[in-house]
Amino acid sequence: MADLDDMDIRILNNLQRRGRMSNAELAERVHLSQSACHRRVQRLEADGYIRDYVALLNARQVGRSTTVFVEITLSGQADEVLEAFETAVARIPDVLECHLMAGSFDYLLKIVARDSEDFARIHRQYLTRLPGVAQMHSSFALKTVFKTTALPI
1 MADLDDMDIR
11 ILNNLQRRGR
21 MSNAELAERV
31 HLSQSACHRR
41 VQRLEADGYI
51 RDYVALLNAR
61 QVGRSTTVFV
71 EITLSGQADE
81 VLEAFETAVA
91 RIPDVLECHL
101 MAGSFDYLLK
111 IVARDSEDFA
121 RIHRQYLTRL
131 PGVAQMHSSF
141 ALKTVFKTTA
151 LPI
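The working numbering numbers the first residue of the sequence shown as 1 and each following residue consecutively.
In structure tokens:
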């Protein structure tokens, strides 16, 4: 982050909130000329600060309103056990996130499903077949209090 100046941060914060805005609108919002703004955005993309531009879907509208967090404990910590698990879990289409954790379990998965019956299918079809799993605990989210994709910079 040492390479970012205040203008870069303003550009990034604006794009995090609305990635589809035109260069003209972005330039106006950050008080830069369009050409200078465009050059900065291109540099931020080339330097890897901007990874991608995506559409954030409404989970309820696409029928994926059930969020389940799954805590996984593996049978061992050898590199090959971790790698086999990570490779297998990355292939599950319903898993949005997988985090290697410090603490009382090894991995935390965030899964989206249509409903509890759909999660039962995901559990049966995928989770029970993951390699190296010793224990698994699932928790259903009752409500998403807030959710953001914007990183604080």
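Heads up, the beta-carbon is just placed ideally off N, CA and C, and yes, glycines get one too.
Look up residue i in the DSSP assignment and give the residues it is bridged to.
i, result
"H137", "E71"
"K110", "F69 and E97"
Given that a residue counts as buried once 16 or more other Cβ atoms are within 10 Å of its Cβ, and exposed if not, what is residue i?
i, result
"I11", "buried"
"Y53", "exposed"
"V89", "buried"
"F146", "exposed"
"D106", "buried"
"L109", "buried"
"F119", "buried"
Once the 5 residues before and after residue i are set aside, which same chain residues still bring their CB inside 7 angstroms of it?
i, result
"G155", "The chain is shown from 1 up to 153; residue 155 falls before or after that span and cannot be answered."
Given residue i, which residues of its chain have a CB within under 8 angstroms of its CB, disregarding the five upstream and five downstream residues?
i, result
"L4", "L12, Y49 and I153"
"Q16", "T149, A150 and L151"
"R114", "G63, R64, S65 and T66"
"Q42", "none"
"C37", "I11, N23, L26, A27 and V30"
Subject >> Three or more C-beta pairs below 8 angstroms linking the segment 46-54 and the segment 12-24 >> reply: yes
Original post:
Where in the segment 6-86 do unbroken runs of the alpha helix (DSSP H), each at least 4 residues long, occur, reported from the N-terminal end onward?
Top reply: 6-17, 23-30 and 34-46
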